[in-house]
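Colleague: I'd like to ask some things about the structure below.
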Amino acid sequence: MTGGGLADLAWIGCDWGGSSLRAFAVGADGRVLAVRRSEDGAGGLTPDGFEPALMALVADWLPDAPPAAIGVLICGMAGSRTGWREAAYCDPLVPLTRLAAAAAAAPAQDPRIRPLILPGYARGDPPDVMRGEETQLLGLIGTEPGFAGLVCLPGTHSKWARIADDRLTASATMMTGEIFALLARQSILRQSLRPAAALVDEAGFRAAVQQGMADPAMVLPAMFALRAADLTGGGTDPERAADRLSGLLIGLELAALPQTGWRAGEAVVVIGAPALAGRYAVALDACGIPARQVSGETLVIAGLRAAHARLVETGSWPHMM
Numbered sequence: 001m002t003g004g005g006l007a008d009l010a011w012i013g014c015d016w017g018g019s020s021l022r023a024f025a026v027g028a029d030g031r032v033l034a035v036r037r038s039e040d041g042a043g044g045l046t047p048d049g050f051e052p053a054l055m056a057l058v059a060d061w062l063p064d065a066p067p068a069a070i071g072v073l074i075c076g077m078a079g080s081r082t083g084w085r086e087a088a089y090c091d092p093l094v095p096l097t098r099l100a101a102a103a104a105a106a107p108a109q110d111p112r113i114r115p116l117i118l119p120g121y122a123r124g125d126p127p128d129v130m131r132g133e134e135t136q137l138l139g140l141i142g143t144e145p146g147f148a149g150l151v152c153l154p155g156t157h158s159k160w161a162r163i164a165d166d167r168l169t170a171s172a173t174m175m176t177g178e179i180f181a182l183l184a185r186q187s188i189l190r191q192s193l194r195p196a197a198a199l200v201d202e203a204g205f206r207a208a209v210q211q212g213m214a215d216p217a218m219v220l221p222a223m224f225a226l227r228a229a230d231l232t233g234g235g236t237d238p239e240r241a242a243d244r245l246s247g248l249l250i251g252l253e254l255a256a257l258p259q260t261g262w263r264a265g266e267a268v269v270v271i272g273a274p275a276l277a278g279r280y281a282v283a284l285d286a287c288g289i290p291a292r293q294v295s296g297e298t299l300v301i302a303g304l305r306a307a308h309a310r311l312v313e314t315g316s317w318p319h320m321m
């Protein structure tokens with residue numbers, strides 16, 4: 001490289017969510033040389049704010065005068081309609097392994113970078129969309145060739161995806177995390193809750209999950225009972241109450257599993273950050289559903305590598321940018 005920068009940098013991968021940005025410096029051999037994070041999520045940026053947010057994070061990785069622009073491969077909400085540049089959704093008939101062919105080039109003022117944004121998926125009847133999670137799914141089938149089954153990607157909006165023959169054959173999005181946040185921060189329940197990342201009351205959480213899954217019609221009164229118990233002196237401490245609310249909502253989510261084509265006894269792969277993915281694994285276990293966890297960060301890197309390799313293989317990297 002010319003004039004400084006990160007030695008051996010070949011390209012940059014980005015996972016750009018609604019609330020945060022992760023950037024990965026990648027060498028020619030696919031090794032991750034460095035990782036950085038910022039709170040410059042896509043949800044808080046206008047289209048002209050994406051390049052400055054990216055450069056604030058990675059500018060010192062770049063050489064002052066590279067022989068060619070460094071490719072930046074991005075997944076997630078940067079490709080939304082209000083993002084850096086829209087990367088149109090793919091139809092689920094498009095295999096995960098061919099997603100990269102529909103990537104969209106984003107405008108950049110700095111000549112040292114050429115950003116390229118991967119698309120998400122959209123389906124109808126019922127309508128559903130995903131952006132970012134598809135790259136983790138691409139990473140999953142890349143690290144486990146021939147994978148077929150049901151995947152849970154918990155988050156603010158949890159995604160459930162069924163994969164077969166490298167395709168997304170079914171998907172559903174559950175607003176569980178957002179509803180929990182709204183109830184915990186803005187509803188009357190906020191006075192009786194103190195959420196924690198780790199489970200404080202696993203037994204209470206498991207019981208609440210089982211209740212929510214077995215009897216969804218009773219979830220609403222069970223939620224208010226948390227507040228009523230606190231007011232009448234029969235409540236638990238705020239951390240335990242938060243675990244029970246979480247359990248009720250996740251149980252309600254699991255009650256919808258048949259809509260994903262889930263069959264009794266079928267194992268679920270849970271992809272995500274350890275704390276949240278672990279919470280879902282405990283919830284699934286409480287309902288007798290076998291589950292295993294896989295790191296979301298590991299898979300997003302694997303998915304970005306797979307997309308990059310596909311672009312190189314087809315001669316589209318970096319020419320399509």
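Mapping to our numbering: the sequence shown position 86 is 86, numbers consecutive.
Yeah, the Cβ is synthetic: ideal placement off N, Cα and C, and Gly gets one too.
Predicted model, so just to flag it, every value in this text is computed and none were measured.
1) Alpha carbon to alpha carbon, what distance is there between Ala197 and Pro115?
2) Are the CB atoms of Ala23 and Arg310 nearer to each other than 8 Å?
3) For Asp166, which residues of its own chain have a beta-carbon under 6 Å away from its beta-carbon, when the five flanking residues on both sides are left out?
4) Looking at the secondary structure, which residues open and close the alpha helix (DSSP H) in which Thr46 lies?
5) Gly83 and Ala42 look like a contact to me (Cβ under 8 Å); what is the Cβ gap, rounded to whole Å?
6) Contact between the segment 117 to 133 and the segment 237 to 245 is defined here as three or more beta-carbon pairs at a separation below 8 Å; is this criterion met?
7) In the DSSP assignment, find the alpha helix (DSSP H) that holds Ser246 and state where it starts and stops.
8) For Gly5 and Pro63, which I take to be in contact (beta-carbon distance under 8 Å), what is that distance rounded to the nearest angstrom?
9) Hey, how far is the Cα of Phe205 from the Cα of Leu248?
10) Of all the alpha helix (DSSP H) runs that stay within the bounds of the segment 146 to 224, which reach a length of 4 or more residues?
11) Just to confirm my understanding: we take Thr176, look at its own chain, exclude 5 residues before and 5 after, and list those with CB closer than 7 Å. What are they?
12) Candidates Arg85, Arg244, Ile289 and Ser246: which alpha carbon is nearest Gly265's?
13) How about Ile70 and Ile117: are their beta carbons less than 8 Å apart?
14) Of all the options Val200, Glu202 and Ala228, which has the alpha carbon lying nearest to the alpha carbon of Ile188?
15) From Thr260 to Trp160, what distance separates their C-alpha atoms?
16) Mind checking whether Cys152 and Val300 have CB atoms under 8 Å apart?
17) How would you call Asp324, buried or exposed, if buried means at least 16 neighbouring beta carbons within 10 angstroms?
18) Within 10 angstroms of its Cβ, does Gly303 collect 16 or more other Cβ (buried), or is it exposed?
19) At the level of alpha carbons, what is the spacing between Arg131 and Gly234?
20) Among Leu21, Gly155, Ala306 and Ala217, whose alpha-carbon lies nearest the alpha-carbon of Asp29?
21) Considering only the beta carbon of each residue, do Ala286 and Val268 sit closer than 8 Å?
22) Flag this pair as yes or no: are the beta carbons of Leu245 and Leu168 separated by less than 8 Å?
23) For Ala68 and Arg37, I'd like the C-alpha separation in whole angstroms.
24) Within this structure, are the beta carbons of Ala255 and Met213 separated by less than 8 Å?
25) Tell me whether Ala228 sits in a helix, a strand or coil according to DSSP, three-state version.
26) Since Gly272 and Pro154 are thought to touch, with beta carbons under 8 Å apart, how far apart are those beta carbons, to the nearest angstrom?
27) Applying the criterion that 16 or more other CB atoms from any shown protein chain within 10 Å of the CB defines a buried residue, is Glu133 buried or exposed?
28) Would the beta-carbon of Thr173 fall within 8 Å of that of Asp128?
29) Exposed or buried, Met77, counting other C-beta atoms within 10 Å across all chains shown (16 or more means buried)?
30) Could you check how far apart the C-beta atoms of Ile163 and Gly146 are, in whole angstroms? I think they sit under 8 Å.
31) May I ask which residues mark the beginning and end of the alpha helix (DSSP H) holding Tyr280?
32) Between which two residues does the alpha helix (DSSP H) containing Ala10 stretch?
33) Using 10 angstroms around the beta-carbon of Pro92, count the other beta-carbons present and answer buried if the total reaches 16, otherwise exposed.
34) So what does Arg37 bridge to, in DSSP terms?
Modeller: This is what the structure holds:
1) Your numbering for residue 115 matches position 115 in the sequence shown. Your numbering for residue 197 matches position 197 in the sequence shown. Taking the straight line from one Cα to the other gives about 34 Å.
2) Taking the first residue of the sequence shown as position 1, residue 23 is located at position 23. Taking the first residue of the sequence shown as position 1, residue 310 is located at position 310. No, Cβ-Cβ distance for Ala23 and Arg310 is not below 8 Å.
3) As a working note, residue 166 is residue 166 in the sequence shown. These residues qualify, in order along the chain: Pro95, Leu96, Thr97 and Ile141.
4) Locating residue 46 in the sequence shown gives position 46, counting from the first residue. It is not in any alpha helix (DSSP H) - Thr46 carries neither H nor E in the DSSP assignment.
5) Against the sequence shown, residue 83 aligns to sequence position 83. Against the sequence shown, residue 42 aligns to sequence position 42. So it is a contact: roughly 5 Å between Cβ atoms.
6) no
7) If you number the sequence shown from 1, residue 246 lands on position 246. Taken as a continuous stretch (DSSP letters only), the alpha helix (DSSP H) holding Ser246 covers Pro238 to Ala255.
8) Sequence index remark: in the sequence shown, residue 5 carries index 5 (1-based). Sequence index remark: in the sequence shown, residue 63 carries index 63 (1-based). Right, the Cβ-Cβ distance comes to about 4 Å (below 8 Å), so this counts as a contact.
9) Start at 1 with the first residue of the sequence shown, and residue 205 comes out as number 205. Start at 1 with the first residue of the sequence shown, and residue 248 comes out as number 248. Straight-line Cα distance between these residues: approximately 8 Å.
10) Listed in chain order, the alpha helix (DSSP H) elements of length 4 or more contained wholly in the segment 146 to 224 are 176 to 186 and 202 to 214.
11) Against the sequence shown, residue 176 aligns to sequence position 176. These residues qualify, in order along the chain: Ser158, Leu249, Ile250 and Glu253.
12) Looking up residue 265 in the sequence shown gives position 265. Nearest option by C-alpha distance: Ile289.
13) Indexing the sequence shown from 1 puts residue 70 at position 70. Indexing the sequence shown from 1 puts residue 117 at position 117. Taking 8 Å as the Cβ cut-off, Ile70 and Ile117 do not qualify as a contacting pair.
14) Working through the sequence shown from its first residue, we reach residue 188 at position 188. Looking at the Cα atoms, Ala228 is the closest of the given residues.
15) Within the sequence shown, numbered from 1, the residue matching residue 260 stands at position 260. Within the sequence shown, numbered from 1, the residue matching residue 160 stands at position 160. Answer to the nearest angstrom: the Cα atoms are 7 Å apart.
16) The residue labelled residue 152 in the question sits at position 152 within the sequence shown. The residue labelled residue 300 in the question sits at position 300 within the sequence shown. For Cys152 and Val300, no; Cβs fall outside 8 Å.
17) Residue 324 falls outside the range modelled here, since the chain spans only 1 to 321, and no answer is possible.
18) Numbered from its first residue, the sequence shown carries residue 303 at position 303. It is buried - the Cβ of Gly303 has at least 16 other Cβ atoms within 10 Å.
19) The residue you call residue 131 lines up with position 131 of the sequence shown. The residue you call residue 234 lines up with position 234 of the sequence shown. When rounded, the distance between both Cα atoms is 43 Å.
20) Mapped onto the sequence shown, residue 29 falls at position 29. Of the candidates Leu21, Gly155, Ala306 and Ala217, the one whose C-alpha sits nearest the C-alpha of Asp29 is Ala306.
21) Taking the sequence shown and counting its residues from 1, the one referred to as residue 286 is at position 286. Taking the sequence shown and counting its residues from 1, the one referred to as residue 268 is at position 268. The answer is no: Cβ separation not under 8 Å.
22) For the purposes of this step, residue 245 is taken as residue 245 along the sequence shown, with counting starting at 1. For the purposes of this step, residue 168 is taken as residue 168 along the sequence shown, with counting starting at 1. Result no, Cβ atoms of Leu245 and Leu168 do not sit closer than 8 Å.
23) Walking along the sequence shown from the start, residue 68 turns up at place 68. Walking along the sequence shown from the start, residue 37 turns up at place 37. In a straight line, the C-alpha of Ala68 is about 25 Å away from that of Arg37.
24) Here residue 255 refers to the residue found at position 255 of the sequence shown. Here residue 213 refers to the residue found at position 213 of the sequence shown. Cβ atoms of Ala255 and Met213: closer than 8 Å.
25) As a first step, residue 228 is located in the sequence shown; it is residue number 228 there, counting from the start. DSSP places Ala228 within a helical segment (H, G or I) once states are collapsed to three.
26) What you label residue 272 is simply residue 272 of the sequence shown in a count that begins at 1. What you label residue 154 is simply residue 154 of the sequence shown in a count that begins at 1. Taking the Cβ atoms as the reference, Gly272 lies roughly 5 Å from Pro154, within the contact range of under 8 Å.
27) Numbered from its first residue, the sequence shown carries residue 133 at position 133. Flag for Glu133 reads buried.
28) What you label residue 173 is simply residue 173 of the sequence shown in a count that begins at 1. What you label residue 128 is simply residue 128 of the sequence shown in a count that begins at 1. Yes, the pair counts as a contact, with Cβ atoms nearer than the cut-off.
29) Within the sequence shown, the letter at position 77 stands for residue 77. So Met77 counts as buried.
30) Here residue 163 corresponds to residue number 163 of the sequence shown, with the count starting at 1. Here residue 146 corresponds to residue number 146 of the sequence shown, with the count starting at 1. At roughly 10 Å, the Cβ-Cβ gap does not stay under 8 Å, so Ile163 and Gly146 are not in contact.
31) Counting from 1 along the sequence shown, the entry for residue 280 is found at position 280. Per DSSP, Tyr280 belongs to the alpha helix (DSSP H) from Pro274 to Ala286.
32) For the purposes of this step, residue 10 is taken as residue 10 along the sequence shown, with counting starting at 1. Careful: Ala10 lies outside any alpha helix (DSSP H), inside the beta strand (DSSP E) at Leu9 to Trp16.
33) Against the sequence shown, residue 92 aligns to sequence position 92. Burial call: buried.
34) Indexing the sequence shown from 1 puts residue 37 at position 37. Arg37 pairs with Arg22.
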